[in-house]
């Protein structure tokens, strides 16, 4: 060992070890720094790439017509590429963009807001996948090594379906105090001053959304979770957490969106009026409804089955309250006494279906308030019933026509929403059924409570009874006039009316009146109406002849016994008594004293000779002859007449059965008359069914019933004028015209699906 090495200080060895440790530490730190830098750089690249995907998806779905990728998949890809290029993407082969259509559905947990994205060529949503190749390490780049990694970012954007809120038949919500609808509301306790607030300018400009109503009700569910619900899911949620809503509470909720002090005072007055109404104070409403569960607001689902943007669509506050009040009056009938002219007909009016406000995407429906009119025509009640003794008791005749008319049933369907112009517009298709009429009976509970057309709840009734014999029974339906109209390019806040077709409307009224007169003609012939629900009893002719024979016998009997000479004169010449117009009370039953071959018996001592030996005679001679005995047996009361008649002059028959014997002989003679008795010629029925108030009679029944028919036919003819009076002057409706109001239109905002 050298001298020098043997005397080396120990610190020199320590400094060498420290230098190696330091170098190693610095190298490790440098590697960690490179890792942090590379990680941060890749994170920033990923964020930039995600932003590229987000913006491309949002622009693509925003520029697509109606936001539907499936309708324009090529355009969706083009719009996404344009956006990426503007933001410096797709500049080289290491950058790519994949655009696909997708379907977005709610997650498995209902109401949690989660959604599942599925690539689907028929989907509305746009899914963009951005891919970029980047170097995975800066250090590798310094070493001239260029390893890369593919970064991937996905974004799905969907545009909420455009929605609108609208109502049909807005004129029904004006609730004018001077009109019948206002009178109807008076019957449930509302006064004129209560109704004025519903037409005020303040309420006309006040808007509220379904989401706002839910918040005011205290439902603590986030808006995104609410939008993910189906219409039925929302109904279940509200029913569970809130239940049914009283009218006073609905007004209280409405007051929360009103700031005007005068309007607040009017709303409070309306609320007090409802609280004091014996009917409306207990009314509970279902706020939201579906097809199966009607409600005040009918929300339709988006194409994905969720409520979506429908919850953000605005509703006019005045229409909301008006619809709620009409629901409260639903099922209440109003007797319109000022239209019961001279007591000729009983008239009632009622709401059978309240209006609904439609909220939702294309396909959403809204309905107007359906008003039903009842016109009761009953001969037993004509002129307060003073003719009932004649029609029902003496003539045994009753004409009972319970007429139910659904005045206007309107349905509006949201056909399209146009968002490509500066101001969004909506197209609404309106279907209106005008004057849907039914004749028949309805149960007391079904008169005003059913929301279906009148024929749904119609029951059979006896419509015509003649001489105590039911002639026409059943029920019938006169179809409504269907009137369709399309209202194009309506803007939010606009009210527009459908066109009126006066000619078609006039024809409908004429058809209704003709149908009623045709039923009335059932007195004398089978009505032209071939409705299988109507039963016409054609077996009645012989029964009618028998009834008439009895009636003429009763009118001419003396001291309780039928008088053959008197009834014969009555049948051939009619009664001497006349009415105020100079018409005979009982007209002649036949037009001549007809000849009957072999009708006058001959005596063969013990009994009557064979009929072949009898003489010919007239009706009056034969009828008289059968009251005289022609043989010893006939004298004793044992009839030996061989032609079906009875000898009434015998000791026993005259004493015990005179009236029955005479009645049987007269009935058989009249029924056997060649050519029959002219009870009701077809021309009588045709004349009665013809337009106008005049008619002619040739048959005995028509002549007998003429005083009643002269009163009845103008009533039926006047149904058309009556409808015009009620609708135009009293109800304030122009029949055939329907008002449609668009409250709000939302085009749907593009949003990313997370």
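In the numbering used here, the protein residues as written are 198 to 951.
Heads up, the beta-carbon is just placed ideally off N, CA and C, and yes, glycines get one too.
Item checked: 6 Å Cβ shell around residue 256 - same chain, five flanking residues per side excluded -> For this step, residue 256 is matched to residue 59 along the chain shown. If you ignore the 5 residues before and after residue 256, its C-beta comes within less than 6 Å of the C-beta of 276 and 280, all in its own chain and listed in chain order.
Item checked: Chain-order list of residues whose beta-carbon lies under 8 Å from that of residue 865 (same chain, five-residue window excluded) -> If you number the chain shown from 1, residue 865 lands on position 668. Leaving aside the five residues that flank residue 865 on each side, the residues in its chain whose CB is nearer than 8 Å to its CB run, in chain order, 841 and 842.
Item checked: Cβ-based neighbour list, residue 620, same chain, cut-off 7 Å, excluding 5 preceding and 5 following -> Position 423 of the chain shown, counted from the start, is the residue given in the question as residue 620. 688, listed in sequence order.
Notebook entry, point to check: Taking the DSSP output, what are the residues bridged to residue 312?
Noted result: The residue given as residue 312 occupies position 115 in the chain shown. Beta-bridge partners of residue 312 (DSSP): 303.
Next item on the list: Return the first residue and the last residue of the beta strand (DSSP E) that residue 939 is part of.
Entry: To locate residue 939, count along the chain shown from 1; it is residue 742. First-last of the beta strand (DSSP E) with residue 939: 936 to 943.
Item checked: Same chain, Cβ closer than 7 Å to residue 643, five either side skipped, listed in chain order -> Locating residue 643 in the chain shown gives position 446, counting from the first residue. Excluding positions up to five away in sequence, the list reads 654.
Next item on the list: Name the two residues that bound the continuous alpha helix (DSSP H) containing residue 412.
Entry: By 1-based counting over the chain shown, the position of residue 412 is 215. Where residue 412 is concerned, the enclosing alpha helix (DSSP H) stretches over 407 to 413.
Margin query: Going by DSSP, what residue range makes up the alpha helix (DSSP H) through residue 446?
Written below: Numbered from its first residue, the chain shown carries residue 446 at position 249. 444 to 452 is the span of the alpha helix (DSSP H), which, as asked, contains residue 446.
Margin query: Distance check for residue 628 and residue 409, CA to CA, integer angstroms please.
Written below: Residue mapping note: residue 409 aligns to position 212 of the chain shown, counting from 1. Residue mapping note: residue 628 aligns to position 431 of the chain shown, counting from 1. If you take the alpha carbons of residue 409 and residue 628, they lie about 31 Å apart.
Notebook entry, point to check: residue 216: buried (16+ other C-beta within 10 angstroms of its C-beta) or exposed?
Noted result: In the chain shown, counting from the first residue as 1, residue 216 sits at position 19. Classification for residue 216: exposed.
Check: Hey, residue 673 and residue 708 are a contact pair by Cβ (cut 8 Å); roughly how many whole angstroms apart?
Finding: On the chain shown, position 476 is the one that residue 673 refers to. On the chain shown, position 511 is the one that residue 708 refers to. With a Cβ gap of about 13 Å, residue 673 and residue 708 do not count as contacting.
Check: What did DSSP end up calling residue 278 once you bin it into helix, strand or coil?
Finding: Here residue 278 refers to the residue found at position 81 when the chain shown is read from its first residue. It is helical.
Next item on the list: Taking the CB atoms as reference points, tell me whether residue 828 and residue 858 lie closer together than 9 Å.
Entry: Residue mapping note: residue 828 aligns to position 631 of the chain shown, counting from 1. Residue mapping note: residue 858 aligns to position 661 of the chain shown, counting from 1. Residue 828 places its beta carbon 9 Å or farther from that of residue 858.
Note to self: Under DSSP, the alpha helix (DSSP H) around residue 634 begins and ends at which residues?
What the structure shows: For this step, residue 634 is matched to residue 437 along the chain shown. Where residue 634 is concerned, there is no enclosing alpha helix (DSSP H), although the beta strand (DSSP E) it sits in stretches over 622 to 636.
Margin query: Within 8 Å, do at least three Cβ pairs link the segment 844 to 856 to the segment 881 to 889?
Written below: Proximity of the segment 881 to 889 to the segment 844 to 856 falls short of the contact definition, fewer than three beta-carbon pairs being nearer than 8 Å.
Item checked: Local conformation of residue 807 per DSSP, three classes -> Position 610 of the chain shown, counting from 1, holds the residue named residue 807. The three-state reading of DSSP puts residue 807 in coil, since its state is none of H, G, I, E or B.
Check: By a C-beta neighbour count over all protein chains shown, 10 Å radius and 16 as the cutoff for buried, is residue 640 buried or exposed?
Finding: Locating residue 640 in the chain shown gives position 443, where the first residue counts as 1. Exposed, because fewer than 16 other Cβ atoms sit within 10 Å of the Cβ of residue 640.
Notebook entry, point to check: When you compare each of 243, 237 and 300 to residue 264 by their alpha carbons, which one comes out closest?
Noted result: For the purposes of this step, residue 264 is taken as residue 67 along the chain shown, with counting starting at 1. Checked all of 243, 237 and 300; the closest Cα to residue 264 is 300.
Note to self: In whole angstroms, give me the CA-to-CA distance for residue 953 and residue 558.
What the structure shows: A query on residue 953 cannot be resolved here, the shown segment of the chain reaching from 198 to 951 and no further.
Margin query: Between which two residues does the alpha helix (DSSP H) holding residue 430 run?
Written below: Here residue 430 corresponds to residue number 233 of the chain shown, with the count starting at 1. It spans 428 to 438 - the alpha helix (DSSP H) in which residue 430 sits, taken as one unbroken run.
Notebook entry, point to check: According to DSSP, is residue 765 helix, strand or coil?
Noted result: Residue 765 sits at position 568 when you count from the first residue of the chain shown. Helix, per DSSP.
Notebook entry, point to check: Which residues in the same chain have their Cβ closer than 6 Å to the Cβ of residue 612, if we skip the five residues on either side of it in sequence?
Noted result: Mapped onto the chain shown, residue 612 falls at position 415. In chain order, 624 and 626 place their CB closer than 6 Å to the CB of residue 612, counting only its own chain and leaving out the 5 sequence neighbours on each side.
Check: With a cut-off of 8 Å, do at least 3 Cβ pairs link the segment 933 to 947 to the segment 808 to 818?
Finding: The segment 933 to 947 and the segment 808 to 818 do not touch, with fewer than 3 CB-CB distances between them shorter than 8 Å.
Notebook entry, point to check: For residue 247 versus residue 350, is the C-beta spacing smaller than 9 Å?
Noted result: Residue 247 sits at position 50 when you count from the first residue of the chain shown. Residue 350 sits at position 153 when you count from the first residue of the chain shown. With respect to the 9 Å criterion, residue 247 and residue 350 are classified as neighbours on the basis of their beta carbons.
Notebook entry, point to check: Buried or exposed: residue 807, going by 16 or more other Cβ atoms within 10 Å of its Cβ?
Noted result: On the chain shown, residue 807 is found 610 positions in, with the first residue counted as 1. Only exposed fits residue 807, as fewer than 16 other CB atoms lie within 10 angstroms of its CB.
Notebook entry, point to check: Hey, is residue 787 close to the ligand HEM, as in C-beta under 8 Å from one of its heavy atoms?
Noted result: Absent from the structure shown: the ligand HEM. Ligands present: none.
Next item on the list: Since I believe residue 517 is in contact with residue 507 (beta carbons under 8 Å), could you give me their beta-carbon distance rounded to a whole number of angstroms?
Entry: Stepping through the chain shown from its first residue, residue 507 is reached at position 310. Stepping through the chain shown from its first residue, residue 517 is reached at position 320. Not quite, the Cβ-Cβ distance comes to about 15 Å (not below 8 Å), so this is no contact.
Next item on the list: Please check if any C-beta of chain B sits within less than 9 Å of the C-beta of residue 869.
Entry: Judged by its chain identifiers, the structure shown contains no chain B, having just a single protein chain.
Notebook entry, point to check: So, residue 954 versus residue 764, is the Cβ gap smaller than 9 Å?
Noted result: The shown model of the chain, from 198 to 951, leaves out residue 954, and the question about it has no answer.
Margin query: Just to confirm, is the Cβ distance from residue 666 to residue 636 under 9 Å?
Written below: By 1-based counting over the chain shown, the position of residue 666 is 469. By 1-based counting over the chain shown, the position of residue 636 is 439. In this structure, residue 666 sits away from residue 636, with a CB-CB distance that is not shorter than 9 Å.
Check: Just to confirm, are residue 546 and residue 570 a CB contact at a threshold of 9 Å?
Finding: Taking the first residue of the chain shown as position 1, residue 546 is located at position 349. Taking the first residue of the chain shown as position 1, residue 570 is located at position 373. Taking the C-beta atoms as reference points, residue 570 is found nearer than 9 Å to residue 546.
Item checked: Cβ distance (whole Å) where residue 406 is taken to contact residue 554 below 8 Å -> Stepping through the chain shown from its first residue, residue 406 is reached at position 209. Stepping through the chain shown from its first residue, residue 554 is reached at position 357. Contact annotation, residue 406 with residue 554: C-beta distance approximately 12 Å; criterion of less than 8 Å not satisfied.
Margin query: Measuring only the C-alpha atoms, how far is residue 223 from residue 232?
Written below: Translated into the one-based positions of the chain shown, residue 223 becomes position 26. Translated into the one-based positions of the chain shown, residue 232 becomes position 35. Residue 223 and residue 232 have their C-alpha atoms some 14 Å from each other.
Checklist line | Neighbourhood of residue 903 by C-beta, 6 Å cutoff - its chain only, sequence neighbours within 5 removed | finding: Taking the first residue of the chain shown as position 1, residue 903 is located at position 706. Cβ-Cβ distances below 6 Å link residue 903 to 894 in the same chain, with the five nearest sequence neighbours on each side left out; the list follows chain order.
Margin query: Suppose you measure from the CA of residue 772 to the CA of residue 796; what does that come to, to the nearest Å?
Written below: The residue given as residue 772 occupies position 575 in the chain shown. The residue given as residue 796 occupies position 599 in the chain shown. Whole-angstrom Cα-Cα distance: 27 Å.
Notebook entry, point to check: Are residue 663 and residue 594 touching if we call contact CB-CB under 9 Å?
Noted result: As a position in the chain shown, residue 663 is number 466, starting the count at 1. As a position in the chain shown, residue 594 is number 397, starting the count at 1. Using a Cβ distance threshold of 9 Å, residue 663 and residue 594 count as a contacting pair.
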